[in-house]
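Student:
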Amino acid sequence: MTVTVNTVSAEGFRHSVQIDDHQLFADVPTTSGGEGSAPEPHDYFDAALGACKALTLKLYAKKKDIPLTGVTVEVKRDNSEEQKGKYALHVKLTLKGVLTDAQRDELHRVADRCPVHKLMTSTEVSIETHLSEGAFSQ
Numbered sequence: 372m373t374v375t376v377n378t379v380s381a382e383g384f385r386h387s388v389q390i391d392d393h394q395l396f397a398d399v400p401t402t403s404g405g406e407g408s409a410p411e412p413h414d415y416f417d418a419a420l421g422a423c424k425a426l427t428l429k430l431y432a433k434k435k436d437i438p439l440t441g442v443t444v445e446v447k448r449d450n451s452e453e454q455k456g457k458y459a460l461h462v463k464l465t466l467k468g469v470l471t472d473a474q475r476d477e478l479h480r481v482a483d484r485c486p487v488h489k490l491m492t493s494t495e496v497s498i499e500t501h502l503s504e505g506a507f508s509q
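Okay, so the sequence shown: first residue is 372 according to this note's numbering, each after it adds one.
(1) Is it true that the CB of THR465 sits closer than 9 Å to the CB of PHE443?
(2) Using only the alpha-carbon positions, how far apart do GLY441 and LYS467 sit?
(3) Could you tell me the boundaries of the beta strand (DSSP E) in which THR465 lies?
(4) So which of GLY421, ARG484 and GLU445 has the shortest CA-CA distance to THR494?
(5) By how many angstroms is the C-alpha of THR471 removed from the C-alpha of GLY421?
(6) Since GLY421 is in the alpha helix (DSSP H), which residue starts that stretch and which ends it?
(7) Counting only the same chain and skipping the five closest in sequence on each side, list residues whose C-beta sits under 7 Å from that of ALA419.
(8) Please work out which residues of its chain come closer than 6 Å, Cβ to Cβ, to ASN510, disregarding the five sequence neighbours upstream and downstream, and give them in chain order.
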């Protein structure tokens, strides 16, 4: 799978983001000189965590026959100390369905084991950036 990001216009900051057959957009807020026409990259980072938790809970509940009918995940960020290397995400889960306290506790534990949560908190991520070569690289 490849994610491809392309500038939409030379004047602005809006970019298209192609992920397989899905197209999204990214921009920067108006306070940073953008149009605020789409989420900024940090929003997608935070959204990845929320979506992963919701999907993980639905899959787990289905597998375990837990009567979970829906999930709402609210992710709020505190990036006030990002320049110091701290980025805090506060997650609120709303579990829907007729659930016992034990099922709610089990789902709460499972939410923190979603793949993106683990990726963000316990995996060493390596990133290598290379320049392309050829006529379009100038």
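For each residue, glycine too, the CB sits at the ideal point set by N, CA and C.
Tutor: Reading off the structure:
(1) Within the sequence shown, numbered from 1, the residue matching residue 443 stands at position 72. Within the sequence shown, numbered from 1, the residue matching residue 465 stands at position 94. According to the sequence provided, residue 443 is Thr. The question's Phe does not apply to it. Their beta carbons are under 9 Å apart, which means THR443 touches THR465 by this criterion.
(2) On the sequence shown, residue 441 is found 70 positions in, with the first residue counted as 1. On the sequence shown, residue 467 is found 96 positions in, with the first residue counted as 1. Each residue's Cα considered, the two are about 5 Å apart.
(3) As a position in the sequence shown, residue 465 is number 94, starting the count at 1. 459-467 is the span of the beta strand (DSSP E), which, as asked, contains THR465.
(4) Here residue 494 corresponds to residue number 123 of the sequence shown, with the count starting at 1. Among GLY421, ARG484 and GLU445, the Cα nearest to that of THR494 is on ARG484.
(5) Within the sequence shown, the letter at position 50 stands for residue 421. Within the sequence shown, the letter at position 100 stands for residue 471. Approximately 23 Å, taken between the alpha carbons.
(6) Numbered from 1 along the sequence shown, position 50 holds the residue referred to as residue 421. Residues 412-434.
(7) Sequence index remark: in the sequence shown, residue 419 carries index 48 (1-based). Counting only Cβ-Cβ distances below 7 Å, and skipping sequence neighbours, we find VAL487.
(8) This structure cannot speak to residue 510, because the chain is shown only from 372 to 509.
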